[in-house]
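So the structure is just underneath, and the comments pick up after that.
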Amino acid sequence: MDADSLILFLFFLLCSAYCASAETAYTAVSRVRLRTMVDKGNKKAKKALWVCDRFDKTLTTILIGNNVFHASCAALSTLLVIKQFSSEYVVYGTLLTTIIVYLFAEMIPKSVAKVRSEEIALLYAPSMALFVKVLTPVSFLFSGISAIISRLFSSETDSNTVTEEDLINIIETIEDEGVLDPEKQALVNSAIEFGNKLAEDIMVPIEEMVSVSSTTPIDELASFLKTSPYSRVPVYEGDKDNIVGILPVTVFLSKYAMKAPVTVRKMLMKPYVFDSKTEITQLLSRMRLNKLHMVFVCDENRNKVGIITMEDILEELVGDIQDESDTGEGLQLM
Numbered sequence: 008m009d010a011d012s013l014i015l016f017l018f019f020l021l022c023s024a025y026c027a028s029a030e031t032a033y034t035a036v037s038r039v040r041l042r043t044m045v046d047k048g049n050k051k052a053k054k055a056l057w058v059c060d061r062f063d064k065t066l067t068t069i070l071i072g073n074n075v076f077h078a079s080c081a082a083l084s085t086l087l088v089i090k091q092f093s094s095e096y097v098v099y100g101t102l103l104t105t106i107i108v109y110l111f112a113e114m115i116p117k118s119v120a121k122v123r124s125e126e127i128a129l130l131y132a133p134s135m136a137l138f139v140k141v142l143t144p145v146s147f148l149f150s151g152i153s154a155i156i157s158r159l160f161s162s163e164t165d166s167n168t169v170t171e172e173d174l175i176n177i178i179e180t181i182e183d184e185g186v187l188d189p190e191k192q193a194l195v196n197s198a199i200e201f202g203n204k205l206a207e208d209i210m211v212p213i214e215e216m217v218s219v220s221s222t223t224p225i226d227e228l229a230s231f232l233k234t235s236p237y238s239r240v241p242v243y244e245g246d247k248d249n250i251v252g253i254l255p256v257t258v259f260l261s262k263y264a265m266k267a268p269v270t271v272r273k274m275l276m277k278p279y280v281f282d283s284k285t286e287i288t289q290l291l292s293r294m295r296l297n298k299l300h301m302v303f304v305c306d307e308n309r310n311k312v313g314i315i316t317m318e319d320i321l322e323e324l325v326g327d328i329q330d331e332s333d334t335g336e337g338l339q340l341m
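Using our numbering, you'd call the opening residue of the sequence shown number 8 and step up by one each time.
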């Protein structure tokens, strides 16, 4: 048997195994963990991340190399069979080569790389970065041809847009890897879902709203507000949904304590009303712009159907928040 040809065959087989394991390793490795290692000064992680950030180019380089090495293995095995036996045994030689290549240059390397993707990605990083740079002209040519062909078969509706579900899955993956704790994950998930909610989704119905009548006697009103956990109270006239303003509790009680003349009407703040279909991201922006702490929600007939406080909106993101005068009881009623 030709020893040189056999050694060359084994070399190409090893190179093919390298490409197969590299493809799986750089597909499976966590970029988040690589970035963490880069922040800690790991030089190999920096190169591995460089390779991952150019994954399309890396994949093209790997596929080019793998195909060249597979073809070389097939050609050498054919020459070895013909030289050692005869052309009649080429079919058997091809079958044996296929089995060897599949086992030792595909299945086994990929299985190992899937389990130890991080180690292999770091180990291969210097050599893979070099191969990607050296084969850039070739990979550019093949990528260009592939792009032209893909464009012929792709539709205008094709999109690479990342969906909300994709983002949530990414966040869950990051948490599984120990980079993000459950509390922070919940906060990020809330932020993602935040943009989908409307005013009607988080409002407190008008029937559950704590409010006072504009005709309530001053002493009775003061007695009620002293025990109230709220810093602002809606004031209605006639029907409960006929809100005429918002009474700042602290200001009212301060004037009442000084025995100054108190006129509720003059102390009321203007009630701002928003449609029930208003997105809460837009609502939050408007409330911040106008420095509003409380707004009302109306239906399509402009009837007030609910109330929303700044705390209600923020609680959608971070959970329960205590009002500045909250005693710990149901803020949701306000």
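Note that CB positions come from ideal geometry on N, CA and C, so glycine has one too. No experiment lies behind these values; they were computed from the predicted model shown.
Review point. Considering only residues of the same chain and omitting the five flanking positions on each side of Pro-212, which have a CB-CB separation below 8 Å?
Key: Here residue 212 refers to the residue found at position 205 of the sequence shown. By the criterion of a C-beta distance shorter than 8 Å, Pro-212 is surrounded in its chain by Val-312, Gly-313, once the five residues flanking it on both sides are discounted.
Exercise for review: Following the continuous alpha helix (DSSP H) through Met-135, name the residue where it begins and the one where it ends.
Suggested key: Stepping through the sequence shown from its first residue, residue 135 is reached at position 128. Note, Met-135: alpha helix (DSSP H), 124 to 141.
Point to revise | With 16 other Cβ atoms within 10 Å as the buried cut-off, status of Leu-392 | key: Nothing can be reported for residue 392: it is not among the residues displayed for the chain, which extend from 8 to 341.
Check your understanding: Skipping 5 residues on each side, what residues in its chain have a beta carbon closer than 6 Å to that of Glu-113?
Key -> Numbered from its first residue, the sequence shown carries residue 113 at position 106. The residues are Ala-27.
**Study point:** Beta-bridge partners of Lys-311, as assigned by DSSP
**Key:** Start at 1 with the first residue of the sequence shown, and residue 311 comes out as number 304. In DSSP, Lys-311 forms a bridge with Cys-305.
Practice item. Would you mind working out which of Lys-233, Leu-228, Pro-241, Ser-37 sits nearest Glu-215, comparing C-alpha positions? Key: Translated into positions along the sequence shown, residue 215 becomes position 208. Shortest Cα-Cα distance from Glu-215 to any of Lys-233, Leu-228, Pro-241, Ser-37 involves Pro-241.
Review point. Quick one: what's got a C-beta closer than 7 Å to Ala-229's C-beta in the same chain, skipping five residues either side?
Key: Counting from 1 along the sequence shown, the entry for residue 229 is found at position 222. For Ala-229, same chain residues with a beta-carbon under 7 Å away, outside a window of 5 residues either side, are Leu-260, Tyr-263 in chain order.
Point to revise | Rounded straight-line distance, which links the Cα of Pro-133 to that of Ala-32 | key: By one-based count along the sequence shown, residue 32 stands at place 25. By one-based count along the sequence shown, residue 133 stands at place 126. Looking at the two C-alpha atoms, the distance is approximately 14 Å.
Exercise for review: Under 6 Å Cβ to Cβ from Phe-19, same chain only, skipping five residues before and after it: list those, please.
Suggested key: In the sequence shown, counting from the first residue as 1, residue 19 sits at position 12. Within the same chain, Cβ atoms closer than 6 Å to the Cβ of Phe-19 are found at Phe-76, Ser-79, Cys-80, the five residues on either side in sequence being excluded.
Practice item. For the beta strand (DSSP E) holding Leu-254, just list the boundary residues, first then last. Key: As a first step, residue 254 must be located in the sequence shown, where it is residue number 247. Leu-254 -> beta strand (DSSP E) spans 246 to 255.
Check your understanding: Is it right to say Thr-164 is buried, meaning 16 or more other beta carbons lie within 10 angstroms of its own, or is it exposed?
Key -> On the sequence shown, residue 164 is found 157 positions in, with the first residue counted as 1. For Thr-164, the predicted structure reports a pLDDT of 46, less than 50, and the residue's modelled location is therefore unreliable. The matter cannot be settled from this model.
Exercise for review: Go ahead and label Gly-100 buried or exposed: buried means 16 or more other beta carbons lie within 10 angstroms of its beta carbon, across all protein chains shown.
Suggested key: Here residue 100 corresponds to residue number 93 of the sequence shown, with the count starting at 1. Counting Cβ neighbours within 10 Å, Gly-100 comes out buried, since at least 16 surround it.
**Study point:** Residue(s) in a DSSP beta bridge with Tyr-243
**Key:** Within the sequence shown, the letter at position 236 stands for residue 243. Per DSSP, Ser-220, Ile-250.
**Study point:** Which residues DSSP lists as bridging Phe-281, in chain order
**Key:** As a position in the sequence shown, residue 281 is number 274, starting the count at 1. Paired residues: Val-304.
Exercise for review: Consult DSSP for Thr-164 and reduce its assignment to one of helix, strand or coil.
Suggested key: The residue labelled residue 164 in the question sits at position 157 within the sequence shown. Note on Thr-164: pLDDT 46, under 50, position unreliable in the model; no value is reported.
Review point. Going by C-alpha distance, which of Thr-104, Ala-206, Ala-24 is nearest Leu-291?
Key: To locate residue 291, count along the sequence shown from 1; it is residue 284. Taking only the C-alpha atoms, the option nearest Leu-291 is Ala-206.
**Study point:** Whole-angstrom distance between Ala-29 and Glu-125, CA atom to CA atom
**Key:** The residue given as residue 125 occupies position 118 in the sequence shown. The residue given as residue 29 occupies position 22 in the sequence shown. Between Glu-125 and Ala-29, the C-alpha separation is close to 11 Å.
Exercise for review: Sort Lys-117, Thr-67, Cys-59, Thr-104 by Cα distance to Phe-149 and report the nearest one.
Suggested key: Here the question's residue 149 lines up with position 142 in the sequence shown. Considering only alpha carbons, the answer is Thr-67.
Review point. In chain order, which continuous runs of the alpha helix (DSSP H) of length 4 or greater are located wholly inside the region 34 to 106?
Key: Under the rule that a run must span 4 or more residues, the alpha helix (DSSP H) segments found entirely inside the region 34 to 106 read 38 to 46, 50 to 60, 62 to 91.
Check your understanding: Hey, Leu-56 and Arg-38: beta-carbon distance below 9 Å or not?
Key -> Counting from 1 along the sequence shown, the entry for residue 56 is found at position 49. Counting from 1 along the sequence shown, the entry for residue 38 is found at position 31. Remark: C-beta atoms of Leu-56 and Arg-38 approach each other more closely than 9 Å.
Review point. Given that a residue counts as buried once 16 or more other Cβ atoms are within 10 Å of its Cβ, and exposed if not, what is Ala-10?
Key: If you number the sequence shown from 1, residue 10 lands on position 3. That one is exposed.
Check your understanding: Glu-227 lies in the alpha helix (DSSP H); which residues open and close that run?
Key -> Sequence index remark: in the sequence shown, residue 227 carries index 220 (1-based). Glu-227 -> alpha helix (DSSP H) spans 225 to 233.
Exercise for review: Take Tyr-25 and list the residues in its own chain whose beta-carbon comes closer than 6 Å to its own, dropping the five residues that flank it on each side.
Suggested key: On the sequence shown, residue 25 is found 18 positions in, with the first residue counted as 1. Contacts found: none.
**Study point:** Start-to-end residues for the alpha helix (DSSP H) that takes in Thr-288
**Key:** The count along the sequence shown starts at 1 and reaches residue 288 at position 281. Segment 287 to 296, the alpha helix (DSSP H) holding Thr-288.
Review point. Quick one: is Glu-318 buried, meaning 16 or more other Cβ sit within 10 Å of its Cβ, or exposed?
Key: Residue mapping note: residue 318 aligns to position 311 of the sequence shown, counting from 1. Buried, because 16 or more other Cβ atoms sit within 10 Å of the Cβ of Glu-318.
**Study point:** Residues near Ser-23 in its chain [Cβ-Cβ closer than 7 Å; skip 5 each side]
**Key:** As a first step, residue 23 is located in the sequence shown; it is residue number 16 there, counting from the start. Cβ within range, chain order: Asn-73, Phe-76, His-77, Cys-80, Val-108, Ala-112.
Review point. Applying the criterion that 16 or more other CB atoms from any shown protein chain within 10 Å of the CB defines a buried residue, is Ile-250 buried or exposed?
Key: Numbered from 1 along the sequence shown, position 243 holds the residue referred to as residue 250. So Ile-250 ends up on the buried side.
Practice item. Could you pull out every residue in the same chain whose Cβ sits closer than 6 Å to the Cβ of Ser-166, ignoring the five residues on either side in sequence? Key: Here residue 166 refers to the residue found at position 159 when the sequence shown is read from its first residue. Low local confidence applies: a pLDDT of 49 at Ser-166 is under 50, so the model's placement there is unreliable, with the coordinate-based value given in what follows. So the list is empty, once near-sequence residues are dropped.
**Study point:** Pairwise C-alpha distance: Tyr-243 and Ser-218
**Key:** By 1-based counting over the sequence shown, the position of residue 218 is 211. By 1-based counting over the sequence shown, the position of residue 243 is 236. Distance from the CA of Ser-218 to the CA of Tyr-243, rounded to the nearest whole angstrom, comes to 7 Å.
Practice item. Tell me whether Pro-144 sits in a helix, a strand or coil according to DSSP, three-state version. Key: Numbered from 1 along the sequence shown, position 137 holds the residue referred to as residue 144. The three-state reading of DSSP puts Pro-144 in helix, counting H, G and I together.
Review point. At what residues does the alpha helix (DSSP H) containing Met-276 begin and finish?
Key: Your numbering for residue 276 matches position 269 in the sequence shown. Where Met-276 is concerned, there is no enclosing alpha helix (DSSP H), given that its DSSP letter is neither H nor E.
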